[in-house]
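Below: the structure, in structure tokens.
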Amino acid sequence: MKESMICEYFDVLSKQNGHTRDKNIMINEDEHIYFVSGFPRDYFMSVTTWKDTLFPKFDADDVSKKLSTRSKPSQYSGLTPTQIKTNWGERADLGKWLHRDIEGFLNNNILPSKYTNHDLLCLHEIAYYEWIHMQKQHGHTLPAQIETKEWRQFMRFVCDNPHLKPYRTEWMVYHEEYKLTGTIDAVFTLDPERCIMPQNEMPRSEPIFIIVDWKRSPHRVSRSESYNRKLKDSSLWFMQDTNYWKFAVQINLYTIILGDKYDIKCDYMFIVRFHPDSSTYQTIRMPCLDWALRPLLRSSAK
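Quick note, the sequence shown lines up with residues 1 to 302 if you use our numbering.
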């Protein structure tokens, strides 16, 4: 059902809001290696890889062993280390499919350009009821659950943010001076009159840009849930080894690339988390870390 309502034209937004740099970058998705025209294959490092250099290395074997022997009941109780790692792989695959479904939904070749989340939602509801009617006409039995719980959470996000306008999805970007490449999950725009600006900011006429990173995770994003391990660089003393700070670094790197190389100043950065074990989605606004990350970027690029 869900697939029938998702547009297969994943390049709609890239055509509407294309950038001259888009033609220079491509990716080998199987190996997750980026290629940028005019640069050696090993010149760039992905945003994810660079972010990981700041945090203690994740030892999958060690962590899976500890989880399998914990006395406290958890989702991993009764599983072997191998089964736990397999579970992680399956969850990663489900996350990729959710990203793909969201990308397909946000790229719509039926609506006129600069459509909003509200426009997408209206079209989705029309298609949904038309599909239900068609199935009943043909005497088909409807499945008990047509859409996954995390997809319904995403649709709730769309419903709760009707004025957001999808600008780009799965946007491959690069920064030649900082030697970084990466793929941004989604960028939205918002008309200024739709946003309550801080009192000390002057009214503006240009669109407000919002960068979003989708996460399919059973764990709530929290500053306090730390692994009690220190970061490698002392200048990041204020950070802890948590998913919150890892996500914050990652989305800030994308924001830096867009600002420096694509003339897009992102006013807001959000992590949006979905998972079937959660009652609803979670939205977390990320802090600006430009001041902390730029010295490290300049140093690593030498």
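In this text, a Cβ means the ideal position worked out from N, Cα and C, and glycines have one as well.
Open item on the list: Only counting the same chain, and skipping five residues up and downstream in sequence, which positions put a Cβ closer than 7 Å to that of T283?
Closed with: F270, V272
- [ ] For the stretch 21–35 and the stretch 212–231, state whether three or more C-beta atom pairs, one from each stretch, are separated by less than 8 Å.
- [x] no
Task: Backbone secondary structure at Q137 - three-state DSSP - done: helix
Open item on the list: Can you determine whether any heavy atom of the ligand COA sits closer than 6 Å to the C-beta of F105, and answer yes or no?
Closed with: Among the ligands in the structure shown, none appear at all, so the ligand COA cannot be discussed.
Open item on the list: Measuring only the C-alpha atoms, how far is N87 from S77?
Closed with: 12 Å
Open item on the list: Considering Cα atoms alone, identify which of T255, R70, D191 is closest to V212.
Closed with: T255
Open item on the list: On the CB-based measure, 16 or more other CB atoms within 10 Å of its CB, does W291 come out buried or exposed?
Closed with: exposed
Open item on the list: Comparing C-alpha positions only, which one of L94, E176, N28, R70 sits nearest to F274?
Closed with: L94
- [ ] Sort out for me which residues DSSP pairs G182 with in a bridge.
- [x] V173
Task: Beta-carbon contacts of G259 that lie in its chain and below 6 Å, excluding the five residues immediately before and after - done: K265
TODO: Find the nearest neighbour of T80 within the set P73, S74, T69, judged by alpha-carbon distance.
DONE: T69
Task: Spatial distance of V173 from Q240 (CA atoms) - done: 28 Å
- [ ] Would you list the one or two residues that DSSP bridges to P166?
- [x] F188
Task: M45, buried or exposed, once every other Cβ within 10 Å from all chains shown has been counted against 16 - done: buried
- [ ] Answer yes or no: do T189 and P207 have a C-beta to C-beta separation smaller than 7 Å?
- [x] yes
- [ ] Using the DSSP secondary-structure output, state which residues sit across from F209 in a beta bridge.
- [x] T189, C266
- [ ] State yes or no: is the C-beta of L164 within less than 7 Å of the C-beta of N117?
- [x] yes
Open item on the list: Check for me: the alpha helix (DSSP H) holding R298 runs from which residue to which?
Closed with: 290–300
- [ ] Assuming S113 contacts K85 (C-beta within less than 8 Å), just tell me the rounded distance between them.
- [x] Not quite, the Cβ-Cβ distance comes to about 44 Å (not below 8 Å), so this is no contact.
- [ ] Go ahead and pull the three-state DSSP assignment for M239.
- [x] coil
Task: Local Cβ density within 10 Å of P192, reported as buried at 16 or more and exposed below that - done: exposed
- [ ] May I ask you to report which of helix, strand or coil DSSP gives V249?
- [x] helix
Task: Buried/exposed call for P166, threshold 16 Cβ in 10 Å - done: buried
TODO: For A92, count neighbouring C-beta atoms within 10 Å of its own C-beta (all shown protein chains included) and say buried if the count is 16 or more, exposed if not.
DONE: exposed
Task: Residue span of the alpha helix (DSSP H) that contains F154, given as start and end - done: 149–160
TODO: Compute the distance between the beta-carbons of H175 and K261, then report whether it is under 7 Å.
DONE: yes
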